[in-house]
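Sequences listed follow chains A and B, in order.
134 is the number of the first residue of the first sequence in my numbering; add one for each residue after it.
204 is the number of the first residue of the second sequence in my numbering; add one for each residue after it.
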Amino acid sequence: AQKVTQAQTEISVVEKEDVTLDCVYETRDTTYYLFWYKQPPSGELVFLIRRNSFDEQNEISGRYSWNFQKSTSSFNFTITASQVVDSAVYFCALSGNNAGNMLTFGGGTRLMVKP
Amino acid sequence: DAGVIQSPRHEVTEMGQEVTLRCKPISGHDYLFWYRQTMMRGLELLIYFNNNVPIDDSGMPEDRFSAKMPNASFSTLKIQPSEPRDSAVYFCASSPTMGYTNEKLFFGSGTQLSVL
Numbered sequence: 134a135q136k137v138t139q140a141q142t143e144i145s146v147v148e149k150e151d152v153t154l155d156c157v158y159e160t161r162d163t164t165y166y167l168f169w170y171k172q173p174p175s176g177e178l179v180f181l182i183r184r185n186s187f188d189e190q191n192e193i194s195g196r197y198s199w200n201f202q203k204s205t206s207s208f209n210f211t212i213t214a215s216q217v218v219d220s221a222v223y224f225c226a227l228s229g230n231n232a233g234n235m236l237t238f239g240g241g242t243r244l245m246v247k248p
Numbered sequence: 204d205a206g207v208i209q210s211p212r213h214e215v216t217e218m219g220q221e222v223t224l225r226c227k228p229i230s231g232h233d234y235l236f237w238y239r240q241t242m243m244r245g246l247e248l249l250i251y252f253n254n255n256v257p258i259d260d261s262g263m264p265e266d267r268f269s270a271k272m273p274n275a276s277f278s279t280l281k282i283q284p285s286e287p288r289d290s291a292v293y294f295c296a297s298s299p300t301m302g303y304t305n306e307k308l309f310f311g312s313g314t315q316l317s318v319l
């Protein structure tokens with residue numbers, strides 16, 4: 134069975150603060166993929182990143198960065214210098230190599246960035 | 204490409220009525236997924252298809268729910284009879300098969316269902 138846990142249900146920060154969203158996963162698959170999606174107030178689900186289990190290099194994309202630590206089964210997401218437009222619900226998700234492209238989602242973290 | 208297209212965007216119906224949600228996946232994608240989003244349960248997978256064949260329907264809550272994919276460009280999710288607890292946002296998503304990797308899902312805009 135696969136499981137994704139996002140312990141932070143809601144985070145509130147002031148604009149320009151850095152914020153880290155935690156994600157912990159469980160899987161028995163030896164090969165798997167981790168994802169982050171953003172759901173802004175408009176409701177659509179926007180893909181942010183995909184990572185495979187063999188690539189533990191951290192990734193940076195503009196103000197976004199991701200830290201994958203296989204030893205602790207975590208895939209955390211950091212937003213540097215947060216902006217009001219970052220306000221959204223962020224979902225971490227897992228896809229095992231024996232389940233097609235099926236995603237198991239965490240419960241989501243609602244991020245509120247105040248001006 | 205227009206992306207994954209879902210219709211209707213909003214559906215309000217009365218308890219006991221039949222509801223049909225529709226989805227057109229991205230052309231060339233061979234996986235199609237139906238997810239439901241509620242405050243209590245988050246995003247949960249209902250069913251997914253590969254090459255129009257249902258692969259895993261273990262997430263379908265009960266016999267009132269059924270899903271079909273008659274061809275590669277169309278899928279429906281039907282609830283009959285509908286109940287107030289079915290109120291949720293229903294997302295359709297599609298993805299391609301690319302070698303041996305697991306690809307990202309492309310989501311539609313969702314159908315907001317309200318059962319009164």
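Even glycine gets a Cβ: it sits at the ideal position worked out from N, Cα and C.
Computed from a predicted structure; not experimentally measured.
Rounded to the nearest whole angstrom, the CA to CA distance from Thr237 of chain A to Tyr251 of chain B is 12 Å. Proximity of the region 144-164 of chain A to the region 173-181 of chain A falls short of the contact definition, fewer than three beta-carbon pairs being nearer than 8 Å. Look at the beta carbons and you see the region 268-288 of chain B not touching the region 201-219 of chain A: under three pairs across the two are nearer than 8 Å. Look at Tyr166 of chain A: its C-beta is under 8 Å from a C-beta on chain B.
Gly241 of chain A sits away from Ala226 of chain A, with the two beta carbons spaced by 8 Å or more. Distance check between Tyr165 of chain A and each of A:Ser220, A:Ala134, A:Gln216 places A:Ala134 closest, using alpha-carbon atoms only.
Cβ contact annotation for Thr279 of chain B (same chain, cutoff 6 Å, sequence separation greater than five): Thr223, Arg225, Lys271, in chain order. A distance below 8 Å separates the beta carbons of Leu246 of chain B and Phe224 of chain A. Of all residues in the region 269-290 of chain B, none comes within less than 9 Å of chain A when Cβ atoms are compared.
Closer than 8 Å to the CB of Ser261 of chain B there is not a single CB belonging to chain A.
Counting other Cβ atoms within 10 Å of its Cβ, Asn254 of chain B stays below 16 and is therefore classed as exposed.
Contact annotation for Gly245 of chain B against chain A: Phe238, Gly240, Gly241 [CB-CB distance below 7 Å, chain order]. The beta strand (DSSP E) runs of length 3 or more contained entirely in the region 161-193 of chain A are, from start to end of the chain, 165-172, 179-185.
Lys136 of chain A: member of the beta strand (DSSP E) spanning 136-138, first to last residue. Short of 7 Å from the beta carbon of Phe309 of chain B, and not among the five residues preceding or following it, lie these beta carbons of its own chain, in chain order: Gly206, Val207, Ile229, Ala296, Ser297, Ser298. For the region 222-236 of chain A, the set of residues with a beta-carbon nearer than 7 Å to any beta-carbon of chain B comprises Phe224, Ser228, Asn230, Gly233, Asn234, Met235, Leu236, in chain order. In the three-state reduction of the DSSP assignment, Pro257 of chain B falls in the strand class, which pools E and B.
The distance from the Cβ of Val246 of chain A to that of Val146 of chain A is about 6 Å, consistent with a contact at the 8 Å cut-off. By the beta-carbon neighbour count (other beta carbons within 10 angstroms, threshold 16), Ala140 of chain A is exposed. Under the DSSP assignment, Gln209 of chain B falls in the beta strand (DSSP E) whose first and last residues are 208-210.
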